[in-house]
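Q: What follows is a single structure, and I will ask about it in a moment.
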Amino acid sequence: MGYLALLRAPHVTRLLLGTLLGRLPAGMTALVIALALREAGAPYSRIGLATAAYAICAAIGGPVLGRIVDRTGQPRVLLCAAVVAGFGYALLALAPGSAPAAIGGAALAGLAMPPLEPCLRALWPDVVAEEQLDTAYAFDSASQQILYVAGPLAVAALAAVASPVAALWTAAGLGLAGALVVATAAPARRWQAPPREHGAGLLGPLRSPGLVLLLIGLAGAGWTVGAQNVLFIAYAERHPHQLPGGAGLLLALAALAGLLGALAYGAVRWRSSTATRTWAIALAMAVCYLPLLLLPAPGPMAVLAFVSGIGLAPLLAAAFVLVAELAPTGTVTEAFAWLVTLFATGNALGYAVSGALAGNSLTGVAYCSVAGITLGALLLFAARRRLQPVAAPQAVAPVPVSLAG
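The numbering of the sequence shown is my numbering, which starts it at 68 and goes up by one.
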């Protein structure tokens with residue numbers, strides 16, 4: 068009933084669907100860049116540069132756009148960013164064979180990716196009742212499991228029916244459409260962060276030691292997810308014809324477990340503090356990953372893949388609430404953007420390190436995967452007192468000032 072009540076609340080369905088629509092390009096871009104550039108005859112080195120340019124610029128642009136949102140409001144930033152990102156996709160689509168256009172377009176698309184994730188998470192306290200916040204953040208986290216499955220599937224379908232270039236145009240259109248749906252919604256138009264705390268300075272939300280420790284711990288979870296992708300791919304290659312769907316099956320099972328875990332988390336009325344839930348779920352996630360070190364036969368490995376995925380989405384759901392509690396006043400959107408950036412950075416590093424290990428040792432890749440969440444969870448546990456907010460979280464109480472027009 069908690070989820071039904073959530074979806075019946077005013078504006079919730081619109082914000083969720085608009086955000087999912089606008090975030091879909093994030094799940095499409097890495098694959099569509101590779102397909103479009105390869106079809107145009109680009110070498111793999113250029114594909115790597117373009118993909119890296121997108122990822123690096125997205126990591127830089129997210130916190131910058133989040134800070135601008137905290138200072139000016141959501142609608143203008145979302146719409147302007149979507150237009151600029153669309154221009155980047157257009158450069159890629161019009162001249163995929165040109166190195167400057169491909170790399171510059173990818174960089175622009177990443178740098179201006181509309182900050183829909185942090186904007187939605189900043190809006191939740193203004194949209195739902197306080198007792199529904201855990202449910203809202205859990206549903207938000209569960210939706211991510213769908214996003215990164217639907218994105219590659221959409222690219223594959225568009226590439227088969229039309230072309231990879233058509234998928235680039237589609238990504239541009241989806242980003243603009245999603246930003247338009249959210250930016251014109253009443254909660255986004257009236258939302259404004261309260262004035263920033265005196266002395267916030269250049270660091271903004273990173274002035275909070277507890278928030279910094281939380282973000283580092285979550286980067287460890289991101290590392291694990293990136294390394295796990297490589298682990299499943301390498302495992303499937305060593306067990307050909309024994310896993311229906313190969314690595315895709317293992318990744319789908321982990322994603323399904325995360326979806327179910329988030330829905331279960333959001334259905335519970337928690338009595339423990341958000342900080343306690345966060346480090347406890349992180350430790351539980353680490354325990355769920357440990358059996359992967361056994362690298363069993365394909366049947367048991369499929370079960371372990373499912374088990375390993377249970378904790379990620381609940382961890383993020385708890386972390387979303389904790390980020391809002393720890394962020395200094397007036398910096399909540401930027402704080403959420405830093406969460407996206409740190410998680411994505413950890414993911415990329417885990418992917419890179421495990422990829423370097425995959426050719427020599429599958430066991431090494433498994434240890435690499437388990438290491439990220441284990442170290443991250445231990446850090447959160449050791450810093451558990453720092454994760455407790457020192458005062459009521461003013462950063463999540465938006466000032467109802469209209470930004471329309």
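Just so it is clear, CB atoms sit at the ideal spot from N, CA and C, and this is done for glycine as well. The structure presented is a predicted model; accordingly, all values stated were derived computationally and were not measured.
Leaving out five residues before and five after Arg143 in sequence, what residues of the same chain have Cβ atoms less than 7 Å from its Cβ?
A: none
Q: Determine the DSSP secondary structure at Asn427, reduced to helix, strand or coil.
A: Of the three classes helix, strand and coil, the one that applies to Asn427 here is coil, per DSSP.
Q: Between the stretch 99–117 and the stretch 164–173, can you find at least three pairs of beta-carbon atoms closer than 8 Å?
A: Segments in contact, yes.
Q: Which same chain residues end up closer than 6 Å to Leu318 when comparing Cβ atoms and leaving out the 5 residues on each side of it in sequence?
A: Close CB contacts of Leu318 within its chain, under the 6 Å cut and outside five residues either way in sequence, are with Phe299 (chain order).
Q: Count the other C-beta atoms from every protein chain shown that fall within 10 angstroms of the C-beta of Ala227, then say buried if there are 16 or more, exposed otherwise.
A: exposed
Q: Could you tell me whether the Cβ atoms of Gly271 and Arg134 are closer together than 8 Å?
A: Yes, these two residues count as a Cβ contact at 8 Å.
Q: Looking only at its own chain, which residues have a Cβ that is under 7 Å from the Cβ of Leu235, when we skip the five neighbours before and after it?
A: Around Leu235: Val99, Ala103, Tyr156, Leu159, Ala160.
Q: Where does Ser436 sit, in a helix, a strand or coil, going by DSSP?
A: helix
Q: Let me check understanding here. Comparing Cα to Cα, which of Arg105, Pro254, Gly439 lies closest to Gly293?
A: Among Arg105, Pro254, Gly439, the Cα nearest to that of Gly293 is on Gly439.
Q: Starting from the Cα of Pro365, find the closest Cα among Gly85, Val407, Ala149, Pro311 and give me that residue.
A: In terms of Cα proximity to Pro365, the closest of Gly85, Val407, Ala149, Pro311 is Pro311.
Q: May I have the straight-line CA-CA distance separating Ile377 from Ala107, to the nearest angstrom?
A: 40 Å
Q: Under the rule that 16 or more other beta-carbon atoms within 10 Å means buried, what is Ala196, buried or exposed?
A: exposed
Q: In angstroms with no decimal places, state the Cα-to-Cα distance between Leu316 and Ala369.
A: 8 Å
Q: Among Gly89, Ala122, Leu74, Ala72, which one has its Cα closest to the Cα of Gly413?
A: Ala122
Q: How would you label Ala385, buried or exposed, when you count the other beta carbons within 10 angstroms and need 16 or more for buried?
A: The Cβ neighbour count for Ala385, taken over all protein chains shown within 10 Å, is at least 16; the residue is labelled buried.
Q: Classify Asn296 as buried or exposed, calling it buried when 16 or more other Cβ atoms lie within 10 Å of its own Cβ.
A: buried
Q: Considering Gln455, what are the terminal residues of the alpha helix (DSSP H) in which it resides?
A: Run containing Gln455: none; DSSP gives neither H nor E here.
Q: State the CB to CB distance for the pair Ala221 and Met180, rounded to an integer number of angstroms; the pair is presumed to be in contact (CB under 8 Å).
A: 17 Å between Cβ atoms; not a contact.
Q: Return the residue from the list Gly94, Gly153, Val151 that minimises the CA-CA distance to Glu61.
A: In the structure as shown, the chain starts at 68 and stops at 472, and residue 61 therefore has no counterpart that could be examined.
Q: Rounded to a whole number of angstroms, what is the C-alpha to C-alpha distance between Ala229 and Thr237?
A: 11 Å
Q: Taking the alpha carbon of Ala353 as the point to measure from, which residue in Thr430, Tyr434, Arg338, Ala303 has its own alpha carbon closest?
A: Tyr434
Q: Could you give the distance in angstroms between the alpha-carbon of Thr343 and the alpha-carbon of Ala321?
A: 24 Å
Q: For Leu88, name the three-state secondary structure that DSSP assigns.
A: helix
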